[in-house]
Amino acid sequence: MLTRYYQPQEFENKWIEEWEKEKVYSSKKLSFAKASKGKQYILSMFPYPSGAGLHVGHIRNYTGTDVVARYFRMKGHSVLHPMGWDAFGLPAENAAVKAKKNPMDMVPEHIATFKKQMKSLGFSYDWDTEFSTADPNYYKWTQWLFIQFYKMGLLYKKNTPINYCSICKTGLAEEEVLADGTHERCGNKIEKRDLPQWAFRITMYADRLLADLHGLDWPKGILEMQRNWIGKKEGINIKYQISNIKYQIECFTTRPDTNFGATFIVIAPEHEFVKKIKTAEVKKYVEEATLKSEQERLNKGKKKTGVFTGYYAINNLNGKEMPIWISDFVLSGFGTGAVVGVPGHDMRDFEFAKEFEIDIIRVVVGKDGDKSKITKKEQVQEEEGAMINSEFLNGLDIHVATKKIMNYFEEKGWGKRVTSYHLRDWIFSRQRYWGEPIPMVNCEKCGWQPIPESELPLKLPYIKSYEPTETGESPLSMIPKFINTKCPKCEGKAKRETDTMPNWAGSCWYFLRFADSKNDKQPWSNETMKQFLPVDWYLGGAEHAVLHLLYSRFWVKALYDLKLLNFNEPFLKLRNQGMVLAEDHRKMSKSFGNVINPDIVIKEFGADALRIYEMFMAPFNAEISWSTKSLQGSYRFIKRVWDLYQIFVGDEFIRPVHENKQLVVKLQKTIKKVTSDIPKVKFNTSIASMMEFLNEWETSYNTKHVTLNISDAKKFLQILAPFAPFMTEEIWHNVFGEKTSIHLSSWPIVSGEIFEEEITLPIQVNGKLRSTIKLSNVNLTETAVVNRLLKEEKIKKYLTGKPKKIIYVPGKIINFII
RNA sequence: GCCGUGGUGGUGGAAUGGCAUACACGCAGGACUUAAAAUCCUGUGACCGAAUAGGUCGUGAGCGUUCGACUCGCUCCCGCGGCACCA
């Protein structure tokens, strides 16, 4: 055999084909082939296959899961590591409209590109489990699940305002509306239109979605965002009688303890009571408020507007009359749409009272102990304190007082404890073409009926005009052949639902389907569920913190209730990968001309260099800017590994190998480090430690001709294999003559204790580092170390008198206090 | 404003109470070369110093706990991400 130069282009494609032929990464093969240490389901968030092809950001995510998957496979676990396509939804449809190509034709082309690129990176997916959400064999089961959810009462139809653009004459998704309330494409201001929509009762699961966050190994920030999104609030609805007329206004509050300080009531412009008031002033205010977009209301800033209704409500506690105002800072959609104003202890109420000269009463004394009658601005939002000016509550801690007065209100029948949530029911209809048809039929006699399961899949027809329609209805509503059908119940004339599902539908359960993606009798079998589910490792971008992760959790809980699953959380461990920015620290974008094309990188440096670079550049979850210079550094590392392994080729191969203890100890330490870093997603330090080892190995070979023996040299190759699968496989076969894949070999184990030959002990005097000393034994006694140090010139000069105190931590440090 | 997250050399970063700056990039000098690229070797936190003698400072700022703090506590400042008149 001759020494070879590192030419990744020579062998990468060969291994792609070989791995596929031998089904090296098949989840089935592995589960039977090895005595399993238990399953590991390792998943990257699947991509929407855009026309732009794979982004270097995708590659960062997929390499992360690939390293973890390869690691666990070598450790003897039964690994499921699949990939699929989030093909339905708006991005694909918009791209199709722009390209004037039917998405049904366009999407498969994009998928083919993505798949080819992924293969060129050597990701160890089990391609036998691959599917697209737009594949009828998959969405058949999405529709089937919809029907099960409908039957269990989780779905209902209601009129809901949707975003509508009057220039483009189309309904829009939230994603298409910019922060300033305009349409992202034409800049027109969007309106709201009332249309009947399917909605999920996700709010029924609010408590469970909140409580079960507790057991998840997820980033703290994501858990917090989910908690805030669910937004559970415990409070009380209090009824206030209005003077002179027979009407009660109900207000939601979480702070009934401050009710002795209530001086007014504010209701939302949309509140039912507003209709009773006929004055021109009120009419004008309400009209203006409802015309304003939500955005405009907010843009007005903190300055409060409002109008007095002329009515008063009575505070049950002290009989005081409180003026009733209308103001748009009160939202009709939250609580009861009416607020009791306690200006002494709520900032908005405070500002409102200042604006309209309403009394401010102080009922809580905070930390500062200031008992003056008028609340200062900085005292408004006290979170701890004691009650004053509140009769029977006086002196109580505010939390105690809250409980006491809630009981009191309930006893008197003036109020009722309630829990309120920020979470809303989930609008599930889209008036768009490119989605799963909703499998429902509307019969004049029988109402909404699910179609018989035998008719699934209800296929999305291939149509010419798939663009959004002028009326804001789904393009499917223009296809009589699709619409007109028979009622499944009475066989009379009926019409199909023409709305489609949002792209969340496919992504809500795709991770379940991977376990059994070819099953055409059921979405998954019990055996495959037990074998692989739920997902153990889920890696993806933090932008999915709420929507996708919340919706998926909701579906899994509903499926658990349907007894289709034996677990109720989909993703046990979640980790985020940071974004990859361009070299100029901006987002990669065609218009900036700063996009990195992975195909070109692979052609020049090989896939292994790209993989190593993306794992080494920064901690996995940190945002980072691309650097071609750094990429070259990773390429250099791989090349040096390659070159060093050439010593086992040819003449050199026969020469006796000199191993030494120091190098072996370093190897053992490196194996330990990599073994513990990979499951912590600390890929960058794994690679750094391997670089350190290579430096030492190279130096000892060049200076002393000391190298590893073959068995140890193979170990280093094995721990590098998850990061650089191609070149390690090539060396494994062509240098060491192995016949089976390195990726199915067993992960090296460090047996026994690592023997430390020598340690360096830092020596401090008064906490300042003055010197270091080499010791042959870690566990020397303090006296032995001190005696040894007294012989050192450097140290002696500091230790003239007797030290006051000596701190000695064996193997770590010695510190003299003098 | 609230919630989250981060702040360390020229750059990306390492170190979770014990030698701050591992590893990599860049830069400088050298070797090889007609030359360049590639590769290899040496150096590289700042300041004082002839010094590869010694010392001082140094992890956003300040204070504290400790024999010892990038790491723990308190008070600020700044960057990034998300939410926002949620009662």
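Just so we're on the same page, my numbering is the position in the first sequence counted from 1, plus 202.
Ideal Cβ placement from N, Cα and C applies to all residues, glycine included.
None of the values given here were measured: they were computed from a predicted structure.
### Message
Just verifying my parser: in three-state terms, what is the DSSP assignment at GLN450?
### Response
strand
### Task
Answer with buried or exposed for ALA915, where buried requires no fewer than 16 other C-beta atoms within 10 angstroms of its C-beta.
buried
### Query
Going by other Cβ atoms of all chains shown within 10 Å of its Cβ, with 16 needed for buried, is LYS477 buried or exposed?
exposed
#### Entry: Extent of the continuous beta strand (DSSP E) run through ARG564
Careful: ARG564 lies outside any beta strand (DSSP E) and carries neither H nor E.
### Coarse secondary structure for THR702, derived from DSSP in three states
strand
### Query
With a cut-off of 8 angstroms, do at least 3 Cβ pairs link the region 273 to 291 to the region 236 to 251?
Short answer: they touch.
### Same chain, Cβ closer than 6 angstroms to TRP420, five either side skipped, listed in chain order
Result list for TRP420: LEU776, in chain order.
### Query
What number of angstroms, rounded off, separates the C-alpha of SER913 from the C-alpha of MET731?
40 angstroms
#### Entry: DSSP three-state assignment for SER902, whether helix, strand or coil
helix
### Task
Reducing DSSP to helix, strand and coil, say where TRP844 ends up.
helix
### Message
Distance check for ASP530 and PRO310, CA to CA, integer angstroms please.
### Response
For PRO310 and ASP530, the distance between alpha carbons rounds to 49 angstroms.
### Message
I'd like to check one pair, SER326 with ARG272: are the Cβ atoms closer than 8 angstroms?
### Response
yes
### Query
Among ALA784, LYS720, THR700, ILE438, which has the Cα closest to the Cα of SER541?
The amino acid occupying residue 541 in the given sequence is Val; Ser does not appear at that position. Measuring from the Cα of VAL541, the nearest candidate turns out to be ILE438.
### Message
Restricting to Cα atoms, I'd like to know which of CYS367, LYS394, TRP628 is closest to LEU749.
### Response
Of the listed residues, the one whose Cα sits closest to LEU749 is TRP628.
#### Entry: CB-CB length for PHE716 against GLY286, believed under 8 angstroms
7 angstroms
### Message
So for GLY324, helix, strand or coil by DSSP?
### Response
coil
### Task
Quick one: give me the first and last residue of the beta strand (DSSP E) that PRO525 is part of.
523 to 528
### Query
Does the beta-carbon of LYS342 have 16 or more other beta-carbons within 10 angstroms, so that it is buried, or is it exposed?
buried
#### Entry: Limits of the unbroken alpha helix (DSSP H) element including GLY423
422 to 432
### Message
The alpha helix (DSSP H) that contains GLN350, what's its start and end?
### Response
338 to 353
#### Entry: C-beta atoms of TYR847 and LEU833 nearer than 8 angstroms
no
### Other residues of its chain near PRO663: CB distance less than 8 angstroms, five sequence neighbours each side excluded
Counting only Cβ-Cβ distances below 8 angstroms, and skipping sequence neighbours, we find LEU678, ILE681, LYS683, PHE684.
### Task
Taking only the alpha-carbon atoms, compute the straight-line gap between PHE552 and PHE822 and give it to the nearest angstrom.
46 angstroms
### Message
Which residue wins for smallest C-alpha separation from PHE895, given the options GLU931, THR930, ARG842?
### Response
ARG842
### Query
Per DSSP, PRO964 forms a beta bridge with which residues?
DSSP, once it has assigned bridges, lists THR974 as partnering PRO964.
### Query
Within 10 angstroms of its Cβ, does TYR358 collect 16 or more other Cβ (buried), or is it exposed?
exposed
### Message
So, for LEU991: in the same chain, excluding its five sequence neighbours on each side, which residues have a beta-carbon less than 6 angstroms away from its beta-carbon?
### Response
ILE997
### Query
Of the choices ARG564, HIS860, PHE807, VAL782, whose alpha-carbon is the least far from that of ILE826?
For the residues ARG564, HIS860, PHE807, VAL782, the minimum Cα distance to ILE826 belongs to VAL782.
### Task
Rounded to whole angstroms, what's the CA-CA distance from PHE713 to TRP739? Just pull it up for me.
11 angstroms
### Task
For VAL908, name the three-state secondary structure that DSSP assigns.
In the displayed model, VAL908 falls within a strand according to three-state DSSP.
### Query
Which residues in the same chain have their Cβ closer than 6 angstroms to the Cβ of THR905, if we skip the five residues on either side of it in sequence?
none
### Task
With TYR740 as the anchor, note down where its beta strand (DSSP E) starts and where it stops.
737 to 742
### Task
Name the two residues that bound the continuous beta strand (DSSP E) containing PRO927.
That residue, PRO927, is in no beta strand (DSSP E); its alpha helix (DSSP H) goes 927 to 936.
### Message
Per the DSSP calculation, PRO639 is bridged to which residue(s)?
### Response
Per DSSP, THR702.
### Query
GLY743 to ASN778, Cα distance in whole Å?
Straight-line Cα distance between these residues: approximately 5 angstroms.
### Query
Tell me, which residues are paired with HIS860 by DSSP?
VAL908
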